[in-house]
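See structure below.
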Amino acid sequence: MNEQTRKTRVAVIFGGRSTEHSVSCVSAASVLANVDPDRFEVVPVGITPQGRWVLGPGDPATLALTGRELPSLSTDLVAVNQVDTLAEVDVVFPLLHGAFGEDGTIQGLLELAGVPYVGAGVLSSAVVMDKEYTKKLLAAEGLPIGAYEVLRPNVRTLSGGQKDRLGLPVFVKPARAGSSYGISKVTSWDELDGAIAFARAVDPKVIIEAMVVGREIECGVLEFPDGRTEASLPSEVRISADFEYYDFEAKYLDDALELDIPAKIGDAAIESVRALSVRAFQAMDGQGLARVDFFVRPDGELVINELNTMPGFTPSSAFPKMWAVTGVDYQSLVTILLETAVARGTGLR
Numbered sequence: 001m002n003e004q005t006r007k008t009r010v011a012v013i014f015g016g017r018s019t020e021h022s023v024s025c026v027s028a029a030s031v032l033a034n035v036d037p038d039r040f041e042v043v044p045v046g047i048t049p050q051g052r053w054v055l056g057p058g059d060p061a062t063l064a065l066t067g068r069e070l071p072s073l074s075t076d077l078v079a080v081n082q083v084d085t086l087a088e089v090d091v092v093f094p095l096l097h098g099a100f101g102e103d104g105t106i107q108g109l110l111e112l113a114g115v116p117y118v119g120a121g122v123l124s125s126a127v128v129m130d131k132e133y134t135k136k137l138l139a140a141e142g143l144p145i146g147a148y149e150v151l152r153p154n155v156r157t158l159s160g161g162q163k164d165r166l167g168l169p170v171f172v173k174p175a176r177a178g179s180s181y182g183i184s185k186v187t188s189w190d191e192l193d194g195a196i197a198f199a200r201a202v203d204p205k206v207i208i209e210a211m212v213v214g215r216e217i218e219c220g221v222l223e224f225p226d227g228r229t230e231a232s233l234p235s236e237v238r239i240s241a242d243f244e245y246y247d248f249e250a251k252y253l254d255d256a257l258e259l260d261i262p263a264k265i266g267d268a269a270i271e272s273v274r275a276l277s278v279r280a281f282q283a284m285d286g287q288g289l290a291r292v293d294f295f296v297r298p299d300g301e302l303v304i305n306e307l308n309t310m311p312g313f314t315p316s317s318a319f320p321k322m323w324a325v326t327g328v329d330y331q332s333l334v335t336i337l338l339e340t341a342v343a344r345g346t347g348l349r
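All residue numbers for the sequence shown refer to full-length UniProt numbering, where the first residue is 1 and numbers rise by one.
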């Protein structure tokens, strides 16, 4: 095969050492099944929970979610050398969620290796992984956020003044985690210490957010190979009455949520969400893709909750579903992401 017809070689890296290992595997199953085989040659590369790099299973179905059973990479898979693997591919799709993957670490490795990759760079990945600094940057750009307080590892709990400022209820979260791991809703201050301990089992740094009453809206942002950035039609997340909020089980295990795409919030609000999503993406120096999560208050005011630089690609994930309704099917979405990564390259930009 000559150079003109050679397929682009793609390493899809998934799994990882974070608590979101299983979600990453489920995302990888969907992406591996939807890469255009006429244009790309795929090398599945898994990272076990222990940090070992292995050649991923040949059948993506082995990574899929089966009932309530979460997949995990076996240590029996064939080990690969990280440097040799990266040297043999043209582009990487780092489908790693959470710490040691979505936080700038894998991005830094790929920059050092000179291998283009899908998604945000080192700075944007690191900032967006930390909910505190995401909120600080959004606020600095004049974008709307809710009230919050941060507990660093040496601070045990909230002061009386902080409690008064936030009011009840509050949500207690690990500051640097996703997929709704370690989150609790606190309706009485007697519950606070237990919720902090639960969050600190995931991350010693904790963020406590005042509850925003409103509808939960998500929007996808996509960068194209020519450099333009667009926002998808937004979705509204509706969860079963059996769940108080959008936790891990509601997201992935219990089929407890429905997505309205486009969200039924009116044309003007939809355009406001799309415009604010692009502004938030740019404020974070975003690249490739992101999902921006909002609340829409009863009076129509928008509040940005958080961003995600590598949103889920599972069968239940909002990001690919929003783009499908907007007019970009799953396979085309993956192709755009890979082509944008190759066009962007590595280094300062």
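Note that CB positions come from ideal geometry on N, CA and C, so glycine has one too.
{"query": "Contacts around Leu143, its chain only, beta-carbon distance under 8 Å, and the 5 residues preceding and following it disregarded", "result": "Leu276, Arg279, Ala280, Ala283 and Ile304"}
{"query": "Counted within 10 angstroms of its Cβ, other Cβ atoms place Gln50 as buried (16 or more) or exposed", "result": "exposed"}
{"query": "Sequence ranges, alpha helix (DSSP H) only - wholly within the stretch 152 to 211, length at least 4", "result": "160 to 166 and 192 to 200"}
{"query": "Assigned secondary structure, Gly220 (DSSP; H/G/I helix, E/B strand, else coil)", "result": "strand"}
{"query": "Distance between Asp164 and Leu55 (C-alpha atoms, nearest Å)", "result": "52 Å"}
{"query": "Best match in Ser159, Ile145 and Leu96 for proximity to Phe129 [C-alpha to C-alpha]", "result": "Phe is not the amino acid found at residue 129; the sequence shown has Met there. Of the candidates Ser159, Ile145 and Leu96, the one whose C-alpha sits nearest the C-alpha of Met129 is Leu96."}
{"query": "Of the residues Leu137, Thr5, Ile208 and Ala197, the one placed nearest Leu123, counting alpha carbons only", "result": "Leu137"}
{"query": "CA-to-CA distance, Leu257 to Ala250, given in whole angstroms", "result": "Its pLDDT being 47, under 50, Ala250 is placed unreliably by the model, and the measurement read from it follows with that caveat. Distance between the alpha carbons of Ala250 and Leu257: 6 Å."}
{"query": "Reduced DSSP category for Arg6 - H, G, I as helix; E, B as strand; rest coil", "result": "coil"}
{"query": "With 16 other Cβ atoms within 10 Å as the buried cut-off, status of Gly160", "result": "exposed"}
{"query": "Distance, Arg297 Cα to Ser235 Cα", "result": "15 Å"}
{"query": "CB contact flag (Thr157, Asp190, <8 Å)", "result": "no"}
{"query": "CB contact flag (Ala210, Gly167, <8 Å)", "result": "yes"}
{"query": "DSSP state of Leu348 mapped onto helix, strand, coil", "result": "coil"}
{"query": "Residue of Gly286, Gly214 and Gly227 minimising C-alpha distance to Arg238", "result": "Gly214"}
{"query": "Beta-carbon proximity list for Ser24, same chain, < 7 Å, skipping 5 on both sides", "result": "Phe14, Gly15, Gly16, Leu95, Leu96 and His97"}
{"query": "Boundaries (first-last residue) of the alpha helix (DSSP H) holding Arg274", "result": "Asp267 to Ala283"}
{"query": "For Arg17, the three-state DSSP class (helix, strand or coil)", "result": "coil"}
{"query": "Cα-Cα separation between Val186 and Phe198, rounded to whole angstroms", "result": "12 Å"}
{"query": "DSSP-derived helix/strand/coil call for Val292", "result": "strand"}
{"query": "Chain-order list of residues whose beta-carbon lies under 7 Å from that of Thr19 (same chain, five-residue window excluded)", "result": "Gly98, Ala177, Tyr181 and Val202"}
{"query": "Per-residue DSSP class, three states only, for Phe40", "result": "strand"}
{"query": "Selected residue, minimal CA-CA separation from Glu102, among Thr326, Glu141, Met310 and Asn154", "result": "Met310"}
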